[in-house]
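All remarks here apply to the structure that follows.
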Amino acid sequence: MKGRNERLVGIFIVIAGLVILLGQLGFFSFLGRNFWPLILIIPGILLHLFYFFRNTSAVILVPAGILTVYGIFFLICSIWGWHLTASLWPVFITGVALGLFEYALFEYPRPAVIYRTSIILLAVSIVLLFITMLTTGFIYVIAAILIFVGIWLIFGRPKPTRRRFR
């Protein structure tokens, strides 16, 4: 019994040493700095799973949708830079719209007012996202797409062939 206890203490000491070493090398600060949005994503996914695998009220889908969308948004911003919030802020409206939409979709009887409200919020967020993208470098992408479509309409459309029946 004494040898077993010594081994467990030894394993604990080695693990503690590795944790301290990795902490000093900045491993945990990297994880905390980049992956903290998982604190929002995981509860959002768990709330979804809780609704779909247990017979609970659909109102639980409102915070589930909001947490999941916000968590994904914050994860994207923490990986690619917080300057993206200047362009992607309408995603906050999308989170509320998605949460309400999920509730309206899975609640019986279907609440028509909440369903319409979620669709309106989603449309507003898409319009605001498009307007925000127009003020950034996205306008160049739209210009390139318009040029490509125009060239395709001028030169690339196949000419219809007439078939005559004999």
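Numbering follows the UniProt record's numbering, in which position 41 of the sequence shown is assigned residue number 41; successive positions increment by one, without gaps. Cβ atoms here follow ideal geometry from the backbone N, Cα and C, with glycine treated the same way. On a predicted model such as this, the values are computed, not experimentally measured, just so you know.
- Query: Can you list, in chain order, the residues of its chain whose CB lies under 7 angstroms from that of Pro63, leaving out five sequence neighbours each side?
  - Reply: Translated into the one-based positions of the sequence shown, residue 63 becomes position 63. Leu47, Gly99.
- With distances taken Cα to Cα, identify the nearest neighbour of Leu84 among Gly23, Met133, Leu21. Position 84 of the sequence shown, counted from the start, is the residue given in the question as residue 84. Comparing Cα-Cα distances from Leu84 to each of Gly23, Met133, Leu21, the minimum goes to Met133.
- Query: Are the Cβ atoms of Leu61 and Tyr51 separated by less than 8 angstroms?
  - Reply: Stepping through the sequence shown from its first residue, residue 61 is reached at position 61. Stepping through the sequence shown from its first residue, residue 51 is reached at position 51. Taking the C-beta atoms as reference points, Tyr51 is found nearer than 8 angstroms to Leu61.
- For Ile131, the nearest candidate out of Val91, Glu102, Ala104, Trp36 (CA to CA): As a position in the sequence shown, residue 131 is number 131, starting the count at 1. With distances taken between Cα atoms, Ile131 lies closest to Val91.
- Item | Proximity below 8 angstroms, CB of Ala104 to CB of Ser118 | Working through the sequence shown from its first residue, we reach residue 104 at position 104. Working through the sequence shown from its first residue, we reach residue 118 at position 118. Taking 8 angstroms as the Cβ cut-off, Ala104 and Ser118 qualify as a contacting pair.
- For Glu107, does the three-state DSSP call read helix, strand or coil? Translated into positions along the sequence shown, residue 107 becomes position 107. Three-state result, Glu107: coil.
- Around the Cβ of Gly44, are there at least 16 other Cβ atoms within 10 angstroms (buried) or fewer (exposed)? On the sequence shown, residue 44 is found 44 positions in, with the first residue counted as 1. With 16 or more Cβ atoms within 10 Å of its Cβ, Gly44 is classed as buried.
- Task: Could you spell out the range, first to last residue, of the alpha helix (DSSP H) harbouring Ile60?
- Result: Along the sequence shown, read from residue 1 onward, the residue named residue 60 stands at position 60. Run containing Ile60: none; DSSP gives neither H nor E here.
- Item | C-beta atoms of Leu129 and Ala97 nearer than 8 angstroms | Stepping through the sequence shown from its first residue, residue 129 is reached at position 129. Stepping through the sequence shown from its first residue, residue 97 is reached at position 97. For Leu129 and Ala97, no; Cβs fall outside 8 angstroms.
- Query: For the alpha helix (DSSP H) that contains Trp116, what are its first and last residues?
  - Reply: The residue given as residue 116 occupies position 116 in the sequence shown. The amino acid occupying residue 116 in the given sequence is Arg; Trp does not appear at that position. Its alpha helix (DSSP H) spans residues 112-134.
- Query: Is it right to say Gly71 is buried, meaning 16 or more other beta carbons lie within 10 angstroms of its own, or is it exposed?
  - Reply: The residue given as residue 71 occupies position 71 in the sequence shown. Label assigned to Gly71: buried.
- May I ask you to report which of helix, strand or coil DSSP gives Gly81? What you label residue 81 is simply residue 81 of the sequence shown in a count that begins at 1. Coil at Gly81, not helix or strand.
- Item | Euclidean distance between Cα positions of Val19 and Gly3 | Along the sequence shown, one-based indexing puts residue 19 at 19. Along the sequence shown, one-based indexing puts residue 3 at 3. Val19 and Gly3: Cα-Cα distance of roughly 24 angstroms.
- Task: Go ahead and pull the three-state DSSP assignment for Arg33.
- Result: Along the sequence shown, one-based indexing puts residue 33 at 33. Helix at Arg33.
- Query: Ser57 to Glu107, Cα distance in whole Å?
  - Reply: Within the sequence shown, the letter at position 57 stands for residue 57. Within the sequence shown, the letter at position 107 stands for residue 107. Each residue's CA atom was taken as its position, placing Ser57 and Glu107 some 8 angstroms apart.
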